[in-house]
Amino acid sequence: MKVICGATICDGSGGPLRQGEVVLDGDVIAEIVAPGYCATADAEVIDGAGMLLAPGFIDAHAHSETKMLQHPENRTKLLQGVTTEVNGNCGSSPSCVPHDDGDFRWQSLAGYAALLDSLRPGLNSMTLCGHNSVRAAVMGNDQRAPTAAEMAKMKALLAAALADGAAGFSTGLIYFPGKFSSVVELIELASLLKGTSKVYATHMRSEGDDLEAALAEALAIASSAACRLQLSHLKTNSERNWHKLPAVLARIEAARAAGMEVFADRYPYVYSCTNLRQALPAPYDLMPGIQQYLRDSAEHQAEVVAALSRSQRDVAATILMESALRGRTLGDVATERGISVGQLCMELIMAAPGQHAAFLGMSETNMREILRQPWVCAGSDNVSLQLDDANDFGHPRAVGTFPVFFHMVAEALGPAEAVRKMTSLPAAVFNIPRRGLIKPGYVADLVLFSPEHYASHADYAGNNQAPEGVQMVMVAGKTAWDARRPDDVGRHGHFIPIPAR
């Protein structure tokens, strides 16, 4: 038995904070008792004085499936208080299709789950089944509709993943090959979710100029398939689209009022992060072989530079996230080299089309309004990074989403609502059993932290500084991280299969 004493309890429900002591029996919460119990208890006492005790945080939008195999401890998420990640977002779920890269191999999600469990991850993982992964396994990057036989194969892969415990079906409709899919294809696949509590999570086809049409498509898919809908990293991208937020929120509220279950996740930053090639305008954004196309001739290079120059998207403020240029903007580097931003962008894509960059395009005001919505939960949209590896860097959201999200929401709505959005809300959205609340019978995934000191200092230059303010993280009643022993990570997580109902 263990007893956590002296902490203020924030139980994840959104209800008032209260004093009390939490008794743990093995991996579950046994009871919540009045202050003073620990003085007479025959149990290990954990001192939570001055701390807030909350359910372990749930990252509703992560991309750590393969990274957790390489670095199972997942330290950057644990140090934020995260005890569960929802992976397989944006249509990408290598765990749900046959895989063999020489180091790791599996034939199905069940095989991936067994492999992950054998590596003893630092926190829990669950996954969605990604459309891009399934489509690529069956059709490659073909820009066409699937044949009846190919659709049957895709449905079989999705059905198998759902049977193995996938939390739902995800799409990434700005990425290959998902951007080639029709709404008819997506409805047919999403219809496998009908009659379950599993979710359709989508990185919509547009988050900017065609945002309203993309939202209508997402709602139509979920409605036709009779399934729940999760809108990934909801945003209004590019200043010319910021005015659309009221209409977008009204459309979502109308769908919810009509009985649809619609939710969203969001990270608390105004820079996004994705492949640099997303800066390319049409038709070059639809070219899987853009690197070879550019290398084929100087004429191709010139036409792409011209198209970038004509594009409405201003990418001068884009921050490069890889190589020796990381932390610098395209505009600064282009000026230094005496070339146009379009020329530099083309050269970088030609050299490495998969490299990532942080794109400035979101409104701080809109971001805060989105975070305030009661159906929006916290999601980092990132993998876990290695704090001690200078070559493993990325968007600061990987290291700072949860402290930054907590303070932004707490300032507007109070700490209890901030914690609800990081715990019981994502647990309900993704049907995660017995997690997200401090409640008897629930799994003892817990975090002790100081709200006053909970902070992130990560930046876009790749300084993956550890967040501050977390005193202890527990996974299944065992210590996963303790600030008094910062170099030790207890690996007590596992793959969580999600039931159909």
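Every letter in the sequence shown is one number past the one before it in my numbering, and letter 188, counting from 1, is 188. Glycine is no exception: its CB is placed at the ideal position from the N, C-alpha and C atoms. Remember, predicted model here, so these are calculated numbers, not experimental data.
Determine which residues share a DSSP beta bridge with residue i and list them.
i    : result
W106 : H99
M367 : M367 is not bridged to any residue.
V82  : F57
R266 : A378
T401 : In DSSP, T401 forms no bridge with anything.
I319 : T329 and A358
K478 : V475
S450 : Answer is none; S450 lacks a bridge partner.
G130 : S170
S125 : E85 and F495
N275 : H356
D164 : D164 is not bridged to any residue.
R18  : I9
I4   : V22 and I46
V502 : Within the shown structure, residues of the chain are numbered from 1 to 501, placing residue 502 beyond reach of any answer.
I29  : L24
Spatial neighbours of residue i within its chain, please: CB distance less than 6 Å, with the 5 preceding and 5 following residues excluded, ordered by chain position.
i    : result
G130 : G88, G91, S92, S93 and S170
I440 : Residue identity differs from the one stated: residue 440 is Pro in this sequence, not Ile. Contacts found: I29 and E31.
S206 : A214
E150 : V138 and M139
F180 : Q143
F263 : Q230, W375 and V429
Near residue i, which residues of its chain fall below 7 Å by C-beta distance, leaving aside the five closest residues on each side in sequence?
i    : result
V489 : E73, R75, L78, G122, A480 and W481
D25  : M1
L325 : V333
G36  : none
Y112 : S95 and W106
S232 : H61, N89, C90, A201, T202, H203 and D265
H457 : Q465
G14  : A416, E417 and R420
H492 : V475, A476, K478 and A480
M51  : A7, L448, F449, S450 and Q471
Quick one: residues in its chain with C-beta nearer than 8 Å to the C-beta of residue i, no 5 flanking neighbours on either side, listed in chain order?
i    : result
V409 : L371, R372, E417, A418 and K421
D445 : P55, G56, T83, T84, N124, R435, M474, V475 and A476
A43  : M1, K2, V3 and V23
A220 : V183 and I187
K194 : A225, A226 and C227
E239 : G361 and S363
Exposed or buried, what is residue i when buried is set at 16 or more other beta-carbons lying within 10 Å of its beta-carbon?
i    : result
Q312 : exposed
P514 : In the structure as shown, the chain begins at 1 and stops at 501. Residue 514 is therefore absent and cannot be evaluated.
P499 : exposed
A258 : exposed
T40  : exposed
A166 : buried
E21  : buried
R120 : exposed
L286 : exposed
T147 : exposed
G289 : exposed
R135 : buried
P16  : exposed
R397 : buried
E299 : exposed
G172 : buried
Looking at the C-beta of residue i, does it have a partner C-beta in chain B at a distance below 8 Å?
i    : result
A466 : Within the model displayed, chain B is absent; a lone protein chain is all it includes.
Can you find a heavy atom of the ligand ADP that lies under 7 Å from the Cβ of residue i?
i    : result
V399 : Here there are no bound small molecules, and the ligand ADP is not part of this structure.
Inset, instruction - Taking only runs that begin and end inside the segment 31 to 78, name each unbroken beta strand (DSSP E) of 3 or more residues, in chain order. - result: 44 to 47, 52 to 55 and 57 to 59
Legend entry - the segment 150 to 169 contacting the segment 182 to 195, beta-carbon criterion three pairs below 8 Å: yes
Inset, instruction - Give, in chain order, every unbroken run of the beta strand (DSSP E) that is at least 3 residues long and sits entirely within the segment 188 to 239. - result: 199 to 203 and 228 to 231
Legend entry - Touching by the beta-carbon criterion (3+ pairs, under 8 Å), the segment 455 to 471 and the segment 96 to 108: no
Legend entry - At least three beta-carbon pairs within less than 8 Å, the segment 447 to 456 to the segment 374 to 393: no
Legend entry - Sufficient close CB pairs (3 or more, under 8 Å) joining the segment 354 to 371 to the segment 306 to 321: Because the criterion of three Cβ pairs below 8 Å is met, the segment 354 to 371 and the segment 306 to 321 touch.
Inset, instruction - Would you check if the segment 397 to 407 and the segment 258 to 268 touch, i.e. whether three or more CB-CB distances between them fall below 8 Å? - result: Contact between the segment 258 to 268 and the segment 397 to 407 is present, because at least three Cβ pairs lie under 8 Å.
Inset, instruction - Entirely within the segment 416 to 449 and at least 3 residues each: give me those beta strand (DSSP E) ranges in chain order. - result: 446 to 449
Legend entry - Validate contact between the segment 275 to 283 and the segment 242 to 250 using beta carbons, cut 8 Å, 3 pairs: no
Inset, instruction - Taking 8 Å as the threshold, find out whether the segment 425 to 434 comes into contact with the segment 100 to 108 through three or more Cβ pairs. - result: no
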